[in-house]
Structure formats: C-alpha cells, structure tokens
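I have placed the structure first, in the form of structure tokens, so that the comments after it can refer back to it.
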Amino acid sequence: MAIASAIQQHEGLARLSLLMRESNRRMDLIKHCLPGALIRFVRPGPVDEDGWTLLAANAAVAAKLRHLQPRLQELLDEAGLQPAKVRVKVQK
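Residues in the sequence shown are numbered from 1 upward in steps of one, following the working numbering.
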C-alpha cells in the first residue's frame, strides 16, 4: 500500500493514475465490439481533453479500428464518457 499512497500524494502521479484508470475503463467498455482476436493487437492509449487514443499493433489493425470508430464512439457516448472521440494510432 505504500506505493499507492505515494502516488496519491503526488499531484502529477495521481493525475496520471486517474487517466490510466479512465483509459482502461474505456477499453473494458468497447472490447466486446472488437471482432475475434483483434483485442490482442489493441492497447488503450492516453485520454485527454480531445478524446481517447487506441494503439494498434500494425496498419491492418488500425484500418479495422478506423472502420469501427463510429460504433466505438457511440458506445462511449452512450456510457456518458466525454469526450467520446476515439483516435487510432499505430503503436511504434
């Protein structure tokens, strides 16, 4: 518990921890919409004031995610998570 306490006491680390939890929460919400084994090639990325980034393992995965983007944004919007905009980037 000492690490968790230290993180919460440091303003920057506490914010980072909150953003990581928010990113993972969004991933949990949308992962049932990802077909087949695609989930293995997608990682939750950063959340900021403009939206949320999904990190794709390669260009083919990114293309499929871009095809699914409207539905993923709709799920986030329905859950009341703002901003609901989903960005897709290939992980380097």
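By construction, the Cβ of each residue, glycine as well, lies at the ideal position given by its N, Cα and C atoms.
Outcome for residue i when other beta-carbon atoms lying within 10 angstroms are tallied against a minimum of 16
i: R26; result: buried
i: G80; result: exposed
i: A59; result: exposed
Nearest-angstrom beta carbon gap, residue j and residue i [assumed within contact, 8 Å]
i: R43; j: Q91; result: 7 Å
i: G45; j: L34; result: G45 to L34, Cβ: 15 Å. No contact.
Option nearest residue i by Cα separation, candidates the options
i: R66; options: S23, K89, L16; result: K89
i: T53; options: K85, D77, L16, S17; result: K85
i: R21; options: F41, D48, L38; result: D48
i: F51; options: S17, L18, S23; result: Checking the sequence, you will find Gly at residue 51 rather than Phe. Among S17, L18, S23, the Cα nearest to that of G51 is on S23.
Per DSSP, cross-strand counterpart(s) of residue i
i: R87; result: T53
i: V47; result: W52
i: V42; result: A56
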